[in-house]
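Residue numbering for the sequence shown follows the UniProt record's numbering, beginning at 1 and increasing consecutively. Idealized CB from N, CA, C, for every residue including glycine. Before any comments, here is the structure.
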Amino acid sequence: MCAIHDDAEVARRELAQQIAFYSSVKSYETVLDVNGFASEGRTIREAFAQRDFPAMFAAVSEEMIDTMGVAGTADEVREQLSRYDGVLDHIMLYSPSVGIAPERVQQNLDSIIRECSPASMSPGQSGPRPI
1 MCAIHDDAEV ARRELAQQIA FYSSVKSYET VLDVNGFASE GRTIREAFAQ RDFPAMFAAV
61 SEEMIDTMGV AGTADEVREQ LSRYDGVLDH IMLYSPSVGI APERVQQNLD SIIRECSPAS
121 MSPGQSGPRP I
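Take a look at the structure:
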């Protein structure tokens with residue numbers, strides 16, 4: 001998951017909404033537990049049961065955002081992608097869409113293509129190629 005915005009907090013909030021959506025189902029419990037987010041997952045599922053979407057989104061911790069995706073300004077996202085250097089051959093990035101206007105999703109997809117394509121990454125980068 002990848003969210004790019006000139007305001008890093010907007011991008012992080014968008015990513016949090018997508019993470020909350022995924023975390024709302026019990027089948028993701030193992031993924032969350034393995035990554036140390038069991039407590040957040042329970043809180044998200046409880047909020048979902050009450051249909052309290054703002055509480056679901058708020059329950060996503062900063063650590064969850066940093067572990068489960070990349071979000072921020074274009075420069076911040078490119079820097080975050082560097083954590084995969086030497087680990088992955090290719091990265092597939094996609095835009096969060098939960099609770100986000102279609103126009104903003106398209107804007108983010110355009111930013112991902114423009115800012116994270118192999119041609120736009122810093123010269124000499126030997127890490128994974130976003131695809």
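Check	Outcome
Kindly provide the ranges of any alpha helix (DSSP H) runs that are 4 or more residues long and lie completely inside the UniProt domain "Luciferase-like" (2–85), ordered along the chain.	8–23, 29–34, 38–49, 53–58, 62–68 and 74–81
Between which two residues does the alpha helix (DSSP H) harbouring residue 100 extend?	Looking at the DSSP string, residue 100 is not in any alpha helix (DSSP H), and its letter there is neither H nor E.
Can you name, in chain order, every residue of its own chain whose Cβ lies under 6 Å from the Cβ of residue 12, other than the five neighbours on each side?	65 and 71
Inspect the CB distances between the region 33–42 and the region 1–16 and report whether three or more fall short of 8 Å.	no
Using CA atoms only, rank isn't needed, just tell me which of 108, 42, 120 and 38 is closest to residue 95.	108
Output the distance between the C-alpha atoms of residue 22 and residue 28, rounded to the nearest integer angstrom.	7 Å
Using the rule of at least 16 other Cβ atoms within 10 Å of the residue's Cβ for burial, across every protein chain shown, is residue 77 buried or exposed?	buried
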